[in-house]
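Undergrad: Below you will find the structure I want to go over with you.
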Amino acid sequence: MRVRVWRSWLQRLVVIGAIVGLVVFGAVSFSPAQTKPPAQTPSNPIGVDPLDAAVSPPKLLSMVGGKRLMDEAAQAIARNDYKTAIAKLQDARQVFNQLSTFHSQLVSSFTGIDNQVADSQRRRAAEAAEMRDQATYQLALVHRAQQEPDLAVPLLVQIIRSQQPTRELGQKAYQQLLEIGFVDVPFPRFGDTGPRPPATPAPQQQQPARPAQPTTPAPR
Numbered sequence: 008m009r010v011r012v013w014r015s016w017l018q019r020l021v022v023i024g025a026i027v028g029l030v031v032f033g034a035v036s037f038s039p040a041q042t043k044p045p046a047q048t049p050s051n052p053i054g055v056d057p058l059d060a061a062v063s064p065p066k067l068l069s070m071v072g073g074k075r076l077m078d079e080a081a082q083a084i085a086r087n088d089y090k091t092a093i094a095k096l097q098d099a100r101q102v103f104n105q106l107s108t109f110h111s112q113l114v115s116s117f118t119g120i121d122n123q124v125a126d127s128q129r130r131r132a133a134e135a136a137e138m139r140d141q142a143t144y145q146l147a148l149v150h151r152a153q154q155e156p157d158l159a160v161p162l163l164v165q166i167i168r169s170q171q172p173t174r175e176l177g178q179k180a181y182q183q184l185l186e187i188g189f190v191d192v193p194f195p196r197f198g199d200t201g202p203r204p205p206a207t208p209a210p211q212q213q214q215p216a217r218p219a220q221p222t223t224p225a226p227r
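Quick note on numbering: the sequence shown equals residues 8 to 227 in the numbering used here.
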């Protein structure tokens, strides 16, 4: 009699365990799937390589935007707000440098395909590079006004490498290095030891003049 009772209880426990297992399995199987939120795609408003972290906003990525930054820097300098001037000039340098880079890339893409497009982009790249160097020179002057020659020297060297020493802006940059004391030999040099005024362009190298040929006197 006792054996039957134990068997009956054992059968009940097995049935209860099976029911509980089915309930738990069903709850897990039919629970809503956990989905990860979609990864946010980084904004790329001007369609450039997203790895280029130095890209400026599209409203500034233009010659007009860069020149506006330089105008704002000039206004800040006029009111002795050098901190704002430095920030504006740094942004202007960045904008002009990016413009020069992008136009140069288009030059390489169109060379041999459409030379008219390539020449146009080459002119735009050169114009942007010139404005970049102008902004760099103004930034170096602001650092000098702030008694920070250590920050001005690298900028002035960059200008000379970009402009070449024979061009006006390159000579002006070298003159600043001379005044700072970073260099000690004036350039360009003439008969005296004084530096040439920076606003005067460097003389072009000329071929040695040929000796004049003797002239035969005309018959009377």
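For every residue, glycine included, the Cβ atom is placed at its ideal position computed from N, Cα and C.
As the structure is a prediction and not an experimental result, all values here were calculated from the model.
Should Leu96 and Ala80 be called a contact, given that it needs their Cβ atoms to be closer than 8 Å?
TA: Taking 8 Å as the Cβ cut-off, Leu96 and Ala80 qualify as a contacting pair.
Undergrad: When burial is assigned at 16 or more other CB atoms within 10 Å of the CB, is Asp140 buried or exposed?
TA: Buried.
Undergrad: Can you tell me whether Ala188 is buried or exposed, with buried defined as 16 or more other CB within 10 angstroms of its CB?
TA: Reading off the sequence shown, one finds Gly at residue 188, where the question assumed Ala. The residue is exposed, with fewer than 16 neighbouring Cβ atoms inside 10 Å.
Undergrad: Below 8 Å on the Cβ atoms is my contact criterion, and I expect Tyr89 with Ala159 to pass it. Report the Cβ-Cβ distance as a whole number of Å.
TA: That belief does not hold up - the Cβ atoms of Tyr89 and Ala159 are roughly 13 Å apart, past 8 Å.
Undergrad: Which whole-angstrom value is the C-beta distance of Tyr144 and Leu176, which I expect to be below 8 Å?
TA: Sure, about 6 Å apart at Cβ, within 8 Å.
Undergrad: Beta-carbon within less than 6 Å of Arg100's beta-carbon, same chain only, minus the 5 sequence neighbours each way: which residues are those?
TA: Once the five neighbours on either side are set aside, the close Cβ partners of Arg100 are Arg139, Ala142, Thr143.
Undergrad: Give every residue of the same chain whose Cβ lies closer than 6 Å to the Cβ of Gly119, excluding the five residues on either side of it in the sequence, and list them in chain order.
TA: No residues qualify anywhere along the chain.
Undergrad: Identify whether Phe189 lies in helix, strand or coil by the three-state DSSP scheme.
TA: Reduced to three states, the DSSP call for Phe189 is coil.
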